[in-house]
Every structure is written in structure tokens, then in C-alpha cells.
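Participant:
There are 2 protein chains.
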Amino acid sequence: MTLWRIVAFLPALVMSGATLADVLPSWNPGASRDAIVEFVDRVTREGSADYVAPDDRIAVFDNDGTLWSEKPVYFQLLFAIDRVKALAPEHPEWQVQQPFKAVLENDVNTLATLGERGLLQLIMATHAGLTTDEFKAVVLDWINAARHPRFERPYTTLVFQPMIELLEYLRNSGFKTYIVSGGGIEFMRPWAQQVYGIPPEQVVGSSIKVVYEMRDSGPVLVRLPEIDFIDDKAGKPVGIHKFIGKVPVFAGGNSDGDLEMLQWTTAGTGERFGLLVHHTDGAREWAYDRESHVGRLDKALSESVKQGWTVVDMKRDWKVIYPK
Amino acid sequence: MTLWRIVAFLPALVMSGATLADVLPSWNPGASRDAIVEFVDRVTREGSADYVAPDDRIAVFDNDGTLWSEKPVYFQLLFAIDRVKALAPEHPEWQVQQPFKAVLENDVNTLATLGERGLLQLIMATHAGLTTDEFKAVVLDWINAARHPRFERPYTTLVFQPMIELLEYLRNSGFKTYIVSGGGIEFMRPWAQQVYGIPPEQVVGSSIKVVYEMRDSGPVLVRLPEIDFIDDKAGKPVGIHKFIGKVPVFAGGNSDGDLEMLQWTTAGTGERFGLLVHHTDGAREWAYDRESHVGRLDKALSESVKQGWTVVDMKRDWKVIYPK
Numbered sequence: 018m019t020l021w022r023i024v025a026f027l028p029a030l031v032m033s034g035a036t037l038a039d040v041l042p043s044w045n046p047g048a049s050r051d052a053i054v055e056f057v058d059r060v061t062r063e064g065s066a067d068y069v070a071p072d073d074r075i076a077v078f079d080n081d082g083t084l085w086s087e088k089p090v091y092f093q094l095l096f097a098i099d100r101v102k103a104l105a106p107e108h109p110e111w112q113v114q115q116p117f118k119a120v121l122e123n124d125v126n127t128l129a130t131l132g133e134r135g136l137l138q139l140i141m142a143t144h145a146g147l148t149t150d151e152f153k154a155v156v157l158d159w160i161n162a163a164r165h166p167r168f169e170r171p172y173t174t175l176v177f178q179p180m181i182e183l184l185e186y187l188r189n190s191g192f193k194t195y196i197v198s199g200g201g202i203e204f205m206r207p208w209a210q211q212v213y214g215i216p217p218e219q220v221v222g223s224s225i226k227v228v229y230e231m232r233d234s235g236p237v238l239v240r241l242p243e244i245d246f247i248d249d250k251a252g253k254p255v256g257i258h259k260f261i262g263k264v265p266v267f268a269g270g271n272s273d274g275d276l277e278m279l280q281w282t283t284a285g286t287g288e289r290f291g292l293l294v295h296h297t298d299g300a301r302e303w304a305y306d307r308e309s310h311v312g313r314l315d316k317a318l319s320e321s322v323k324q325g326w327t328v329v330d331m332k333r334d335w336k337v338i339y340p341k
Numbered sequence: 018m019t020l021w022r023i024v025a026f027l028p029a030l031v032m033s034g035a036t037l038a039d040v041l042p043s044w045n046p047g048a049s050r051d052a053i054v055e056f057v058d059r060v061t062r063e064g065s066a067d068y069v070a071p072d073d074r075i076a077v078f079d080n081d082g083t084l085w086s087e088k089p090v091y092f093q094l095l096f097a098i099d100r101v102k103a104l105a106p107e108h109p110e111w112q113v114q115q116p117f118k119a120v121l122e123n124d125v126n127t128l129a130t131l132g133e134r135g136l137l138q139l140i141m142a143t144h145a146g147l148t149t150d151e152f153k154a155v156v157l158d159w160i161n162a163a164r165h166p167r168f169e170r171p172y173t174t175l176v177f178q179p180m181i182e183l184l185e186y187l188r189n190s191g192f193k194t195y196i197v198s199g200g201g202i203e204f205m206r207p208w209a210q211q212v213y214g215i216p217p218e219q220v221v222g223s224s225i226k227v228v229y230e231m232r233d234s235g236p237v238l239v240r241l242p243e244i245d246f247i248d249d250k251a252g253k254p255v256g257i258h259k260f261i262g263k264v265p266v267f268a269g270g271n272s273d274g275d276l277e278m279l280q281w282t283t284a285g286t287g288e289r290f291g292l293l294v295h296h297t298d299g300a301r302e303w304a305y306d307r308e309s310h311v312g313r314l315d316k317a318l319s320e321s322v323k324q325g326w327t328v329v330d331m332k333r334d335w336k337v338i339y340p341k
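Top to bottom, those sequences are chains A and B. Letter by letter, the first sequence follows residues 18 to 341 in this note's numbering. Letter by letter, the second sequence follows residues 18 to 341 in this note's numbering.
This is how it looks when you write it as C-alpha cells:
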């Protein structure tokens with residue numbers, strides 16, 4: 018960090034009583050951390066040419082691969098796999114029918130090629146007919162009980178500590194933080210508040226349709242086997258517009274699925290921040306980018322150079338990956 | 018109000034330094050105002066058996082007929098009519114094609130029977146191809162320039178002053194206030210913050226589809242002539258679940274289009290509030306209920322008795338209708 022840069026954002030740090038070590042403690046000193054802190058200072062310091070009013074401080078984050086890991090496959094796919102196995106005795110036809118056959122045979126290679134649409138198809142088949150309350154209970158049961166195959170820890174402990182700190186830092190700086198994920202909205206909402214500090218109304222994701230039904234016990238919403246919205250790729254700006262109705266000033270992602278969200282956020286006038294998490298740490302997490310089936314980072318990585326997005330190198334930039 | 022009720026909520030009023038006249042000043046003393054104030058006290062006073070944590074204090078309000086007037090027809094329909102007339106020279110086929118024919122002939126009776134779906138069809142035909150930014154500009158131009166045929170005032174001055182005070186009172190009591198309207202989400206968002214104090218991300222409504230497009234000038238979202246979501250009747254609980262992901266504790270409406278929203282909100286355990294605005298004041302506003310084409314209040318009025326919802330009698334309960 019150059020001296021003038023330190024001087025430039027010193028007032029904000031002094032005001033909040035924070036030091037660089039307090040802000041983002043799990044981030045190593047370097048260009049990525051500096052870029053974030055300098056951006057936040059520029060848009061939050063009154064009188065700054067780049068000042069953004071609190072109402073417009075919207076920050077959006079992808080979930081899979083950006084806030085938590087996504088290997089060997091999206092965690093929601095592992096959830097769906099467990100559901101297929103649990104429900105298989107009632108569905109003998111699944112033994113010969115894809116993608117259920119691949120699930121029951123633990124054919125991970127086939128599953129990895131499904132993409133988020135295939136994942137949603139699995140979810141639909143295994144969850145149609147449940148009410149939204151029943152589905153929430155199923156999600157919470159799984160998220161509390163299931164363990165990741167490599168780390169043998171709950172999935173909610175495989176979130177990125179530096180990104181948790183970034184979310185908090187942004188919120189402390191007056192930002193409203195949102196998840197904008199290709200994953201299922203009803204898969205994330207039950208635990209996002211506790212794990213990320215992000216309430217249900219700030220979780221945007223893919224969804225299946227639900228229908229209102231009056232039962233003897235009272236009204237319920239029943240989940241239908243029909244896709245409502247795919248919040249991935251060009252769907253992400255659409256989801257942001259639909260749910261938030263403002264253009265964010267900060268967007269974080271990690272794959273080509275986030276390309277349009279970062280383009281949409283960083284286009285136009287005014288100070289904007291685009292962040293890409295680059296998975297470079299095969300020892301502590303995973304290393305992958307242009308060739309990966311899950312979380313492919315190819316076009317967006319090339320675009321980051323042209324656009325000046327900050328590419329976070331996990332191995333270089335993060336002191337720790339997961340919370341202790 | 019009985020003495021014990023006054024005593025019961027006295028601590029909260031003393032704490033905030035408020036008096037009954039400060040809270041909801043445009044509401045006449047009586048059962049409706051009392052029910053609201055007592056409810057808010059019960060759910061916000063710590064130690065109360067009915068205490069609701071701030072995160073769960075969600076209040077939802079219909080817009081047309083609940084927060085502003087809706088006669089002679091939904092104001093958004095008047096907006097669409099003005100658009101049809103402006104665009105008619107480019108569309109000679111509209112002279113013989115409904116619902117455009119009715120618009121061009123000022124056939125209000127036919128238009129009044131269209132319902133919100135018909136309104137959306139008009140909107141789609143007249144606004145397809147615009148970007149979301151262009152549409153926002155069109156809405157703001159109209160809302161600033163147009164005048165209501167009866168009152169000859171801007172539409173944004175035909176909001177209900179007592180309801181504005183209710184929104185503020187709820188927000189001051191830790192509630193997050195939302196609009197959940199059958200009207201178009203992109204028709205309301207451009208002015209809802211200024212008029213109601215409700216930001217875009219807390220406006221839920223009907224929508225047409227949009228698609229992301231990269232142009233030479235940068236990325237845009239283009240509006241398509243295709244319905245995305247109808248946020249009316251049984252669609253309202255669906256919209257609440259989709260956008261908010263929590264069951265509200267307070268719901269306000271005025272017509273049968275709000276029946277399911279009030280059922281969904283007030284079902285189950287815990288203290289909940291259902292409010293219906295009953296249009297009873299033909300002199301200051303309009304008087305209508307069970308037989309009205311626009312804003313029919315029939316089933317929901319009957320249901321209010323069974324459910325114990327508070328029916329606000331505009332003539333009796335409101336000192337003023339519109340802001341001065």
C-alpha cells in the first residue's frame with residue numbers, strides 16, 4: 018500500500034476506531050484487501066466524490082464457491098442425493114432413470130455435469146408435494162446432521178471466514194448484504210441468517226413454484242414440480258432487479274455463473290466493486306478454474322482483466338479459509 | 018378503551034415519550050385506533066407474552082384502495098390508458114382490437130371489468146421493448162404530470178394520510194413495512210420511497226418478464242410482453258413467501274384480492290393483525306364494497322367477522338383522507 022493511499026482512508030478508520038488488523042483480520046495485507054478497504058472508504062466518506070448514500074449501498078454475493086465451498090459438487094446436490102436415497106424405496110423406477118440412477122450408483126462424474134438446472138430437477142422430483150414449512154424442516158435436519166465427505170464437518174462450517182468478515186465489514190459500513198445464488202432460495206434461507214448474518218428477505222436464488230392451499234389445519238404453501246426462476250448467469254441481473262430493484266455497488270462471485278451479475282453491477286457511472294474468488298488453494302480447499310465442471314471460472318476470469326475486477330487469490334490473500 | 022388497556026400499554030408510550038394524539042394523529046379515537054396501538058404494544062414490549070423479535074416484525078400492505086385511492090379505476094390503468102393514446106398513431110390495429118378499442122373510445126365501463134390481469138395485458142402491449150430504465154423514466158414523467166379526473170391533483174397526493182401515519186408508526190416500532198400489491202412492481206417502485214417511505218426492495222407486485230441484454234452502450238434489462246407473476250389473491254401469500262420468506266405479523270388490505278394475504282398472515286399461533294380499509298366515505302373519497310367492479314370487498318368483509326380482523330371505516334375512523 019502506498020503512503021497516499023493510507024492517508025486517504027485514514028480518517029474513516031480513525032472515526033470508527035478501527036485499524037487495518039481489525040478490519041478483515043483473516044485477510045493478508047496486499048492488493049485485494051487494500052482495494053476493498055479503499056473502495057469502502059471512498060463510497061462511505063461524506064464529502065467524497067464517490068460517496069454513495071446508505072440507501073444505495075447494496076452488496077450482492079454468490080453463495081456456492083463464493084461464501085462457502087462447492088466441491089466435490091454443489092452442497093445442495095449432496096442434499097438432493099441424500100433425499101433421493103431416502104425416498105428411493107418408494108420409487109423403483111429411479112433404478113433405471115437418470116439422473117436418479119447416477120445418484121443411486123454414486124456416479125459423481127455424471128452428477129457433476131448436471132449443472133444447477135439438473136440440480137433443480139432433482140430437487141423438484143424429490144420435494145414436490147411438501148409444504149414450504151415441511152421443506153424448511155427437511156433442510157434444517159440435513160444441514161445439522163450431514164457431514165462433508167472430505168472434511169467430515171458440517172457444511173455450514175465450510176464457509177469462508179474471510180468472506181464472513183467482508184460481509185460484516187460491509188454491513189458495518191452501512192451496506193445491505195444480499196445473497197444472489199443459483200442455488201435454491203428455500204435451501205439457503207433457513208440457515209443464512211445464523212451463518213452469514215443475512216436474513217431470508219435478503220436471499221435471492223433459484224426457485225420452484227409454490228401454490229396457496231387452504232387445508233383443514235389452515236393455509237399452506239405447497240411446492241410444485243415446476244421451475245419458477247433460475248437465478249444463474251443472465252438470470253442474476255434479472256433476479257437482482259426483481260428482488261431488490263436497485264443496481265448494486267458491490268458484487269462478489271467466483272465463476273462464469275456470476276459474469277453477468279458483475280457486468281451489471283460494475284457498468285455505468287459511479288464507483289463500483291467487482292470481486293472474484295479464485296480457488297487456488299488445493300491444500301486447504303480446492304484449486305480449479307477454467308476446466309472445472311463445477312464453478313468454472315473462465316470467461317469471467319478473462320473479463321476481470323478488462324474490467325479491473327479484484328481477483329482474490331485464496332492461497333495468497335487468505336490467512337485462514339474456514340472458521341476455527 | 019377500557020382502563021386496563023390504557024394501563025397495559027402505558028409503559029411503551031411513556032418510554033417513547035409519545036401520547037395517543039402523537040401516534041396516528043389523523044385517526045379518530047375509537048376501536049380501530051385502539052386495536053392498532055394495543056397490538057403494537059403487545060408485540061413490541063419486552064416481557065410481553067406476545068413479544069415479536071424485531072427481525073420478525075414484518076408488515077405488508079396492499080396498495081390500490083389501501084394506501085391510495087383506486088377510483089374510477091386503478092391508477093395504473095389510467096397510466097396505461099395515457100400510454101395507449103400516446104402510442105396509438107403507431108398502432109392503427111388498436112382501433113378495432115380490445116382492450117385498446119375501449120381505451121381509445123374512453124369506454125370506462127369495459128375497462129373497469131378488466132381486472133388486474135387485463136391491466137397487465139395493456140401494460141405489456143404498451144411497454145414491451147423498453148428497458149427497465151426507460152420504463153422508470155416513463156412512470157416518473159407520468160406520475161409527476163398526470164392529474165386525477167375528479168380531484169385534479171397528482172395521484173401521489175391521493176394517498177391516505179392515516180395510512181402514511183400507520184406505516185411510520187409501525188416503522189418507529191421496529192417493523193419493516195412492505196407493499197404487496199396486484200399492481201405492477203415497476204410502476205410502484207420509482208415513487209414508493211418518496212411517497213410511502215418504502216424502498217424498492219420492499220415493494221412486491223405483479224411483473225412482466227425481463228431479459229438481460231448486452232448492448233454497445235452496456236448491459237440493459239429489456240421488458241418482455243410476457244407475464245412473470247400475478248401478485249393478487251392467492252398469489253399474494255406466494256409473493257410474500259418468494260420475496261420476504263417470512264410470515265408477516267401485520268397485513269392491511271381493502272378488497273377480496275387481499276383475502277388470502279390476510280388469511281396467511283393471521284393464521285397459526287402468535288399475535289397477528291389483519292386490517293381492512295372499508296371505503297365508506299362517498300363525500301371525501303368513494304363508498305363501495307360488495308358490488309364494486311374495482312376493489313370489490315365481499316368475501317373478505319364476511320371473513321373479517323369470523324377472523325376478528327379490524328375493519329377501518331374511513332368515514333368514521335379518519336379525520337382526514339388525503340394529506341393537506
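For glycine and all other residues, C-beta sits at the position ideal for the given N, C-alpha and C.
#1: Counting only beta-carbon atoms, is A:Glu203 nearer than 9 Å to chain B?
#2: Among A:Val90, A:Asp67, A:Asp51, which one has its Cα closest to the Cα of A:Trp303?
#3: Are the C-beta of B:Ser33 and some C-beta of chain A separated by less than 9 Å?
#4: Select from B:Val57, B:Ile247, B:Val227, B:Phe96 the residue whose C-alpha is nearest the C-alpha of B:Arg346.
#5: Taking the alpha-carbon of B:Asp79 as reference, which of B:Ser319, B:Phe267, B:Leu157, B:Tyr68 has the nearest alpha-carbon?
#6: Cα separation between B:Glu320 and A:Gln219?
#7: Quick one: is the Cβ of A:Thr148 within less than 8 Å of any heavy atom of the ligand GTP?
#8: Does chain B have any CB closer than 9 Å to the CB of A:Phe26?
#9: Where are the beta strand (DSSP E) runs, 3 residues long or more, that stay fully inside the region 126-206 of chain A, in chain order?
#10: Since I believe B:Val264 is in contact with B:Thr282 (beta carbons under 8 Å), could you give me their beta-carbon distance rounded to a whole number of angstroms?
#11: For A:Arg307, does the count of other Cβ atoms within 10 angstroms reach 16, so buried, or fall short, so exposed?
#12: In chain B, what lies closer than 8 Å to A:Asp275 by C-beta?
#13: Quick test of your reading: A:Gly262 and B:Pro217, contact by CB under 8 Å. State the CB separation rounded to the nearest angstrom.
#14: Name, please, each residue of chain B whose Cβ falls closer than 8 Å to the Cβ of A:Arg206.
#15: Relative to the C-alpha of B:Tyr195, which candidate in B:Pro254, B:Thr173, B:Lys153 has its C-alpha closest?
#16: Just to check my reading of the structure: A:Leu175 and A:His165 have Cβ atoms closer than 8 Å, yes? What is that Cβ distance to the nearest angstrom?
#17: Are at least three pairs of beta-carbons, each pair with one atom in the region 222-238 of chain A and one in the region 239-255 of chain B, less than 8 Å apart?
#18: Once the 5 residues before and after B:Thr148 are set aside, which same chain residues still bring their CB inside 8 Å of it?
#19: Classify A:Phe92: buried if its beta carbon has 16 or more other beta carbons within 10 angstroms, exposed otherwise.
#20: Of all Cβ atoms in chain A, is any one closer than 9 Å to the Cβ of B:Thr143?
#21: So, is B:Ser234 buried or exposed, given that buried needs 16 or more other C-beta atoms within 10 angstroms?
#22: Is it the case that the Cβ atoms of B:Glu203 and B:Phe246 are separated by a distance below 9 Å?
#23: If we define contact as Cβ-Cβ less than 9 Å, is B:Trp281 a contact residue for chain A?
#24: Could you give the DSSP three-state label for A:Trp21: helix, strand or coil?
#25: Report, in whole angstroms, the separation of the C-beta atoms of A:Ser198 and A:Gly222, which I expect to be a contact under 8 Å.
#26: Could you give the distance in angstroms between the alpha-carbon of A:Lys259 and the alpha-carbon of B:Arg59?
#27: Quick check: is the beta carbon of A:Val322 nearer than 9 Å to any beta carbon in chain B?
#28: Scan the region 243-299 of chain A and note each continuous alpha helix (DSSP H) run of 4 residues or more that stays entirely inside, going in chain order.
#29: Taking B:Val11 as part of the beta strand (DSSP E), name the residues at either end of that continuous run.
#30: Could you tell me the boundaries of the beta strand (DSSP E) in which B:Ile225 lies?
#31: Of the residues that make up the region 284-297 of chain A, which ones have a beta carbon closer than 7 Å to any beta carbon in chain B?
#32: Compare the C-beta of B:Leu183 with all C-beta atoms of chain A and state if any pair is closer than 9 Å.
#33: For the beta strand (DSSP E) holding A:Ala76, just list the boundary residues, first then last.
#34: Compare the C-beta of A:Ala29 with all C-beta atoms of chain B and state if any pair is closer than 9 Å.
#35: Does the Cβ-Cβ distance between B:Asn271 and B:His310 come in under 9 Å?
Facilitator: To lay it out plainly:
#1: The residue labelled residue 203 of chain A in the question sits at position 186 within the first sequence. At least one chain B Cβ lies under 9 Å of A:Glu203.
#2: Within the first sequence, the letter at position 286 stands for residue 303 of chain A. For the residues A:Val90, A:Asp67, A:Asp51, the minimum Cα distance to A:Trp303 belongs to A:Val90.
#3: As a first step, residue 33 of chain B must be located in the second sequence, where it is residue number 16. Its pLDDT being 49, under 50, B:Ser33 is placed unreliably in this model, and the coordinates cannot settle the point.
#4: It is not possible to answer for residue 346 of chain B, since the shown part of chain B is limited to 18 through 341.
#5: Mapped onto the second sequence, residue 79 of chain B falls at position 62. Nearest C-alpha to B:Asp79: B:Phe267.
#6: Mapped onto the second sequence, residue 320 of chain B falls at position 303. Mapped onto the first sequence, residue 219 of chain A falls at position 202. Computed Cα separation, rounded: 33 Å.
#7: As presented, the structure is devoid of all ligands, the ligand GTP included, so that no description of it is given.
#8: In the first sequence, residue 26 of chain A corresponds to position 9, counting from 1. In this predicted model, A:Phe26 has a pLDDT of only 47, less than 50, meaning its place in the structure is not dependable; the value taken from the coordinates is given anyway. Cβ-Cβ to chain B under 9 Å: no for A:Phe26.
#9: 193-201
#10: Locating residue 282 of chain B in the second sequence gives position 265, counting from the first residue. Locating residue 264 of chain B in the second sequence gives position 247, counting from the first residue. Right, their Cβ atoms sit about 7 Å apart.
#11: By 1-based counting over the first sequence, the position of residue 307 of chain A is 290. A:Arg307 should be labelled exposed.
#12: The sequence position of residue 275 of chain A within the first sequence is 258, counting from 1. The contacting residues do not exist; A:Asp275 stays about 13 Å from chain B at best.
#13: As a first step, residue 262 of chain A is located in the first sequence; it is residue number 245 there, counting from the start. As a first step, residue 217 of chain B is located in the second sequence; it is residue number 200 there, counting from the start. Right, the Cβ-Cβ distance comes to about 3 Å (below 8 Å), so this counts as a contact.
#14: Here residue 206 of chain A refers to the residue found at position 189 when the first sequence is read from its first residue. The contacting residues are Gly262.
#15: As a working note, residue 195 of chain B is residue 178 in the second sequence. Nearest of B:Pro254, B:Thr173, B:Lys153 to B:Tyr195, Cα basis: B:Pro254.
#16: Residue mapping note: residue 175 of chain A aligns to position 158 of the first sequence, counting from 1. Residue mapping note: residue 165 of chain A aligns to position 148 of the first sequence, counting from 1. Rounded, the Cβ-Cβ distance is 6 Å, consistent with contact.
#17: yes
#18: As a working mapping, residue 148 of chain B is identified with position 131 in the second sequence. These residues qualify, in order along the chain: Val237, Leu238, Val239, Arg240.
#19: Position 75 of the first sequence, counting from 1, holds the residue named residue 92 of chain A. With 16 or more other Cβ atoms within 10 Å, it is buried.
#20: Counting from 1 along the second sequence, the entry for residue 143 of chain B is found at position 126. No, its Cβ sits nowhere closer than 9 Å to a Cβ of chain A.
#21: Along the second sequence, read from residue 1 onward, the residue named residue 234 of chain B stands at position 217. Under this definition B:Ser234 is an exposed residue.
#22: As a working mapping, residue 203 of chain B is identified with position 186 in the second sequence. As a working mapping, residue 246 of chain B is identified with position 229 in the second sequence. No, the Cβ-Cβ distance between B:Glu203 and B:Phe246 is not below 9 Å.
#23: Here residue 281 of chain B is taken as the residue at index 264 of the second sequence, counted from 1. Chain A contact via Cβ: present.
#24: By one-based count along the first sequence, residue 21 of chain A stands at place 4. Since pLDDT at A:Trp21 reaches only 44, below the 50 mark, its modelled position is unreliable, and the value read off the structure follows with that caveat. A:Trp21 falls in the helix class under three-state DSSP.
#25: The sequence position of residue 198 of chain A within the first sequence is 181, counting from 1. The sequence position of residue 222 of chain A within the first sequence is 205, counting from 1. About 5 Å; that satisfies the 8 Å criterion.
#26: What you label residue 259 of chain A is simply residue 242 of the first sequence in a count that begins at 1. What you label residue 59 of chain B is simply residue 42 of the second sequence in a count that begins at 1. Going from the Cα of A:Lys259 to the Cα of B:Arg59 covers about 34 Å.
#27: Residue mapping note: residue 322 of chain A aligns to position 305 of the first sequence, counting from 1. No, A:Val322 does not count as interfacial toward chain B.
#28: 252-260, 276-283
#29: What the structure shows of chain B is the stretch from 18 to 341, and residue 11 of chain B is not part of that stretch, so it cannot be assessed.
#30: For the purposes of this step, residue 225 of chain B is identified with residue 208 of the second sequence, where counting begins at 1. Its beta strand (DSSP E) spans residues 220-232.
#31: Ala284, Gly285
#32: In the second sequence, residue 183 of chain B corresponds to position 166, counting from 1. Answer no: the Cβ-Cβ gap between B:Leu183 and chain A never drops below 9 Å.
#33: Numbered from its first residue, the first sequence carries residue 76 of chain A at position 59. First-last of the beta strand (DSSP E) with A:Ala76: 75-78.
#34: The count along the first sequence starts at 1 and reaches residue 29 of chain A at position 12. Confidence is the limiting factor: at A:Ala29 the pLDDT is only 48, short of 50, which leaves the residue's position unreliable, though a coordinate-based value still follows. Judged by the 9 Å Cβ criterion, A:Ala29 is not in contact with chain B.
#35: Indexing the second sequence from 1 puts residue 271 of chain B at position 254. Indexing the second sequence from 1 puts residue 310 of chain B at position 293. No, Cβ-Cβ distance for B:Asn271 and B:His310 is not below 9 Å.
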